[in-house]
Structures are given as structure tokens and as C-alpha cells.
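>
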Amino acid sequence: MADSSTPMIAVGDMSAQLRHERRPSRSLREWFVQTATRRRERAVLFDVLDGIDFEVNAGELLGVVGPNGAGKTTLLRVLAGIVPPRTGSVRISGRIAPLIDLGAGFDPELTGEENLSLYGSILGMTRSEVKQRREEVFEFSGLDGARDIAVKSYSSGMIARLGFAIATTVRPDVLLIDEVIAVGDEAFRARCFERISKLRSEGTAVVLVTHDLPLVDRWADRALRLERGRQVAFADARSVTCAYREESLA
Amino acid sequence: MGARAASGYQGGVSRLQPLARVLAYRDCLSVLAARAIKVRYRRSVLGVAWSLLYPLTAMIVLTAVFSRVFTELRFYPLYAIVGFLAWGFFSLSCVQAMDALIGGASVMRKVYVPAAVFPLAAVAANFVNLLLSIALLPLIAWLIGAPPVVHFGWLFVGLVLLATFTAGLSLGLAAANLFFQDVRYFFDAGLLIWFYATPIVYPAEVIPKQYAALVWLNPLHWLVAVLRAALYEGAAPSTTAVTAATVAALASLAFGWSVFSRLEKRFYLYL
């Protein structure tokens, strides 16, 4: 477990950019024409995140709230190492489990068991890690009877259960969750939070993106509020959600 | 926060060099390759036997069309099939590597995976296929009454060189195709010309003298020559062929890898 004095996630004055998709097709043909006529269009980049500055300690749960398009998912993608920060710094300690979309990387044609190998390996697990945890994954997800069935005939709830079970089976140091738990039923949600609590007690830092403010009140220690890519607040969960509620109603 | 000085991203495998990142995900690479093979064969009754059907069909067609044209070649079907298998591996790998990187985008949007894993898995899957097909060559030799001659040492060298060359070019093409999605179509057209410009279904000697330089500069000609020496002649290839094939393989890998790792930094904008 990491030293409690150093945060598991430290983001310092970070900004990140993405590209405006001007037109759907990008072709070599066009590029040649533009180069020949000296009218090269450069990609238009825009700030999706700017001035982001927070930290998450071991065992802490950070709730990230804000309206659609505020940059919450992009923030998770920066933390996961998918989108690089343009300025500022992002430091993550240890193993990251990104649950930005449960079942990203599942192949619908393959069975549940084959997808365990596939998704596990995509998350960076070794073959033996996957093998050791096979029984536990199917036990936790309650999909033991469906392990030999192609995932295309799973319901979205079943996919979420399997994805969550796989991603959390090897204790991650940092768990990034994007609203995904909402897919499962009440019983499964309860089990998810039970597992998240257990991971936190072992030192896992959790970042949870959600629109569900009561969820943040109940589970988060601190919360981060984003608006149009800017950080509006980073404080204890209740004060952030209260202010957010009041301003949303006003 | 003491470490404010360090800018950029630090976490996960970011401390590793690009090549070490791919190696750290080698299990992922093999699972992806296994999936590609599995999905290809799952729905067919024949299963892995499909890998037999393709070279056999090619052989029958080639024999029917050309064996009376190139009578100076003994056991023409075997000559053609070796070149055909090498070519098939090369061209399918490149095309599928481009598709694999595009297909991997939906994963890479949500999970960090070293991007090179996707095209390399496509190459690996085709390589397994190539090995299966080569294992069936003695059967084909027996069918046409040719003596089974295999030089295993040079077969190994030839396969390594062909795989290296293919992996390099596949990486470069896959990266370019992510930025310009018509690269694949240009390449498809180029492949057609390249195929007929390479002595695969015909012997190198039929090329007119004034075009000899084209064959000389064609890396696939040398790569095929090494494999053909091992599988058709059962002898050591010429020093020229080995040297040229080695240079081509290393140059392709160096070029492909440097293009890929340079463009990879901007992939996130296009996923």
C-alpha cells in the first residue's frame, strides 16, 4: 500500500485538448490537394479541460459532478493515460482500472469465458492472473451458468456485471468509474459498492463520475465539480453537491 | 504537492519506453491474435481446415492457368504455391493490420492499451496461418509427385525475415491509415501492381532485361527467394538474396516502428 502522505492521484493545473471534427472524412487525396494548392487546413484543437487541480488519497472516493459536456469523461480519460495533458501534471500511483465503459473490448461473438481472457488482457493482466481469478469473477458476477454463452446474447446488465467483476478482480490502486454501475440492478449495485468499499479499505483510490448526487453524498469523501471544462469546486462532497443543487435549480 | 515540477502524465506504463510497453502487453497481443484466428474459423464446419482450402484452391487455379506456360520450372505448382503463401501472408497482414487499428480505436478510447498491439496481433494471427499452410506443403508436394525437400534452417530464417518485413510495413500503414482513411484503398491498388511485378506465379527469368532493376529493388522478390530456396529447392539461398532480404526486413521494421511511434502520440485526437 502506498504511503498515506502521498496522494494516489495528483493533478496539478492541468489542461487538455481534443480536436474538433470538422468533417467526417480525412483522406490522403484531400491532403494532396490541399498541399498542392497550399491550403492545408490544420486540425482545430479546443480546450476540453483547463485549470484542473486536485488530488485523491489512498482509500478516498472522489465524486466528479457537472452537466453533460463538462469534461467529466475526458478527465477520466486523462487519468487513464489515454488523453495526454497539454499543460500541467498528472501523477498516478500504481495500477489503474478504467471503467469508462464496461465491456469496452468485449467481443460479442466470443463467450463470457473467452471475453474474460480478452478484457483481462486489455486491462493489462497477465494470462496467469486471469486464470487464477476465473472462478472468482464468475462467482461475483453471478454469471456462472452463462460463461459458455456468446456475449452477444447477454443483457446490458449482464455485460456490466461481467465487466465490473473482471476490472476489479485484481486489486487496482486507482479505480476510475464512469456512471457504469447505473446499468446493473439494485442488488448488483449494492454488491459493487460493497466491493468498492472493500477496495478502499485496502487503499484503492476511486474516482466516480456520476449525475447521481445522492450517491456522491453517500459515498464520496470529496467532490470535484466541472463546468465547460473548468474546475468550479473541489471540496468536501456535501458542500459541492449542495452548491450544485442550488445553482441548478436557480 | 511537491512534484509540481514534473509536467505531463506519469502513471501506468508511461514510465516505460514504447517497445517495453508493447512487451508488457504481450499477453494481450496473443489473446487478440488468438481471437482473430478463432473468429475466422468458428463458424465453419471445416474449422482450421479452411487454411488448407485457400492454398489448395490457389494451387489448382495457378496450375490450371500457368503450368503449361512455364514449362521450364519443375513442379510448377510447388514453385507458385510457396510464393503465393508468402504473398498472401504479407498482403493480408498489412490490410488486416490497418483494419485492426481502426477496430481497436473503440477500445483505446476507453482503456489504455499500447496501440501497436492491435496491428501486431493481426500480423501474428496471419503468421500462425502461414505456418499451418506451410505444414501442409509436403502433402501438396506428394500430390504432384515432387520430392519433399525442406531446409529447416533457411525456412526459419526466411520466415523471420518475412515476418519482420511485414510487421514493419504493417505498423507504418496502420498508423497512416488512422489519419488518412483512404490509405487502405491506395494500398489495395498498389498491392495489385506489386503482386504482378513480383515473381510469384512466374519465374524471375521471364522479366525483360530492361526491367530487371524493378525486380532487383523489390524486397518481396528477395524474401520470397529465401523461402523458395528452403521449401522448393531445399537448398541454401544465394548470398545476394539473404543480404537483400535482411536489409529489407530491418529497414521496414525501423521505418514502420519510427513512423508508428511518432504518429502514436497524436492517435488520441483521431480515436
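Residue numbers (the numbering used here), protein chains in the order written: chain A, 168 to 417; chain B, 40 to 310.
In this text, a Cβ means the ideal position worked out from N, Cα and C, and glycines have one as well.
Can we count residue 233 (chain B) as close to the ligand NAP, meaning its CB is less than 8 Å from some heavy atom?
Inclusion of the ligand NAP in the displayed structure is not the case, the ligand content being empty and no account of it being possible.
> Between which residues of its own chain and residue 352 (chain A) is the CB-CB distance below 8 Å, once the five residues before and five after are set aside?
Here the question's residue 352 (chain A) lines up with position 185 in the first sequence. Within the same chain, residue 352 (chain A) has close Cβ partners 324.
> Look at the alpha carbon of residue 284 (chain A) and the alpha carbon of residue 381 (chain A), and state the distance between them as a whole number of angstroms.
The residue given as residue 284 (chain A) occupies position 117 in the first sequence. The residue given as residue 381 (chain A) occupies position 214 in the first sequence. Using only the alpha carbons, I get a separation of about 35 Å.
> Closer than 6 Å by C-beta to residue 72 (chain B): which residues in its own chain qualify, once you throw out the five before and the five after it? Chain order, please.
Translated into the one-based positions of the second sequence, residue 72 (chain B) becomes position 33. The answer, listed in chain order, is 160, 163 and 164.
> Going by DSSP in three states, residue 402 (chain A) sits in which element: helix, strand or coil?
As a first step, residue 402 (chain A) must be located in the first sequence, where it is residue number 235. Reduced to three states, the DSSP call for residue 402 (chain A) is strand.
> Is the Cβ of residue 249 (chain B) closer than 9 Å to any Cβ of chain A?
Against the second sequence, residue 249 (chain B) aligns to sequence position 210. For residue 249 (chain B), the answer is no, since every Cβ of chain A falls outside 9 Å of its Cβ.
> Identify the contact partners of residue 265 (chain A) in chain B, using a Cβ-Cβ distance below 8 Å as the criterion.
For the purposes of this step, residue 265 (chain A) is taken as the residue at position 98 of the first sequence. Within chain B, the residues near residue 265 (chain A) are 149, 150 and 151.
> Quick one: what's residue 256 (chain A) bridged to in DSSP?
Along the first sequence, read from residue 1 onward, the residue named residue 256 (chain A) stands at position 89. BP columns for residue 256 (chain A) point to A:179 and B:47.
> Whole angstroms are fine: how far does the CA of residue 153 (chain B) sit from the CA of residue 292 (chain B)?
Walking along the second sequence from the start, residue 292 (chain B) turns up at place 253. Walking along the second sequence from the start, residue 153 (chain B) turns up at place 114. The alpha-carbon atoms of residue 292 (chain B) and residue 153 (chain B) are separated by roughly 17 Å.
> Looking at the structure shown, is residue 213 (chain A) part of a helix, part of a strand, or coil, going by DSSP?
Mapped onto the first sequence, residue 213 (chain A) falls at position 46. Of the three classes helix, strand and coil, the one that applies to residue 213 (chain A) here is strand, per DSSP.
> Say whether the region 325–343 of chain A touches the region 362–373 of chain A, bearing in mind that this needs 3 or more beta-carbon pairs closer than 8 Å, one atom from each stretch.
Output reads yes: the region 362–373 of chain A touches the region 325–343 of chain A.
> Within 8 Å, do at least three Cβ pairs link the region 164–174 of chain B to the region 253–261 of chain B?
With a cut-off of 8 Å, the region 164–174 of chain B and the region 253–261 of chain B do not count as touching, because too few Cβ pairs lie within range.
> Note down the Cα distance separating residue 417 (chain A) from residue 384 (chain A), rounded to an integer number of angstroms.
Position 250 of the first sequence, counted from the start, is the residue given in the question as residue 417 (chain A). Position 217 of the first sequence, counted from the start, is the residue given in the question as residue 384 (chain A). Whole-angstrom Cα-Cα distance: 20 Å.
> Within 9 Å of any Cβ in chain A, is that where the Cβ of residue 211 (chain B) sits?
Stepping through the second sequence from its first residue, residue 211 (chain B) is reached at position 172. It does not: the Cβ of residue 211 (chain B) has no partner Cβ on chain A nearer than 9 Å.
> Between residue 284 (chain B) and the rest of its own chain, which residues show a CB-CB distance below 6 Å, the 5 nearest in sequence each way excluded?
By 1-based counting over the second sequence, the position of residue 284 (chain B) is 245. These residues qualify, in order along the chain: 200, 261, 262 and 265.
> When DSSP labels each residue in this structure, what does residue 40 (chain B) get in the three-state scheme?
Here residue 40 (chain B) refers to the residue found at position 1 of the second sequence. Residue confidence is low: residue 40 (chain B) scores 40 on pLDDT, short of 50, so the model does not pin down where it sits. Its coordinate-derived value is still stated next. Residue 40 (chain B) falls in the coil class under three-state DSSP.
> Between residue 47 (chain B) and chain A, is any beta-carbon pair separated by less than 9 Å?
Within the second sequence, numbered from 1, the residue matching residue 47 (chain B) stands at position 8. Closer than 9 Å to some Cβ of chain A, the Cβ of residue 47 (chain B) qualifies, so yes.
> Does the beta-carbon of residue 180 (chain B) have 16 or more other beta-carbons within 10 angstroms, so that it is buried, or is it exposed?
Within the second sequence, the letter at position 141 stands for residue 180 (chain B). Buried, because 16 or more other Cβ atoms sit within 10 Å of the Cβ of residue 180 (chain B).
> From residue 184 (chain B) to residue 246 (chain B), what distance separates their C-alpha atoms?
Looking up residue 184 (chain B) in the second sequence gives position 145. Looking up residue 246 (chain B) in the second sequence gives position 207. So the two alpha carbons sit approximately 28 Å from each other.
> Taking its Cβ as the centre, do 16 or more other Cβ atoms sit within 10 Å of residue 415 (chain A), making it buried, or is it exposed?
As a position in the first sequence, residue 415 (chain A) is number 248, starting the count at 1. Exposed.
> Listed from N- to C-terminal order along the chain, which residues in the region 298–310 of chain A have their beta-carbon within a distance smaller than 9 Å of any beta-carbon of chain B?
The region 298–310 of chain A vs chain B, Cβ under 9 Å: nothing.
> State yes or no: is the C-beta of residue 114 (chain A) within less than 9 Å of the C-beta of residue 175 (chain A)?
Here chain A has residues from 168 to 417 only, and residue 114 (chain A) is not among them.
> Out of curiosity, what's the CA-to-CA distance linking residue 141 (chain B) and residue 248 (chain B)?
As a first step, residue 141 (chain B) must be located in the second sequence, where it is residue number 102. As a first step, residue 248 (chain B) must be located in the second sequence, where it is residue number 209. Rounded to the nearest angstrom, the two C-alpha atoms are 42 Å apart.
> I'd like the ranges of any alpha helix (DSSP H) spanning at least 4 consecutive residues and lying wholly in the region 109–159 of chain B.
For the region 109–159 of chain B, whole alpha helix (DSSP H) runs of length 4 or above, ordered along the chain, are 115–147.
> Rounding to the nearest angstrom, what Cα-Cα distance links residue 334 (chain A) and residue 265 (chain A) in this structure?
Looking up residue 334 (chain A) in the first sequence gives position 167. Looking up residue 265 (chain A) in the first sequence gives position 98. Near 8 Å, if we compare the C-alpha coordinates of residue 265 (chain A) and residue 334 (chain A).
> So, is the C-beta of residue 228 (chain B) closer than 9 Å to a C-beta in chain A?
Your numbering for residue 228 (chain B) matches position 189 in the second sequence. Judged by the 9 Å Cβ criterion, residue 228 (chain B) is not in contact with chain A.
> Terminal residues of the continuous beta strand (DSSP E) containing residue 344 (chain A)?
Numbered from 1 along the first sequence, position 177 holds the residue referred to as residue 344 (chain A). From DSSP, the beta strand (DSSP E) with residue 344 (chain A) extends over 341–345.
> Which two residues bound the contiguous alpha helix (DSSP H) that contains residue 264 (chain B)?
To locate residue 264 (chain B), count along the second sequence from 1; it is residue 225. Run containing residue 264 (chain B): 258–267, per the alpha helix (DSSP H) assignment.
> Which residue's Cα is closest to the Cα of residue 1 (chain B): A:241, A:197 and A:231?
There is no way to answer for residue 1 (chain B), as the model of chain B reaches only from 40 to 310.
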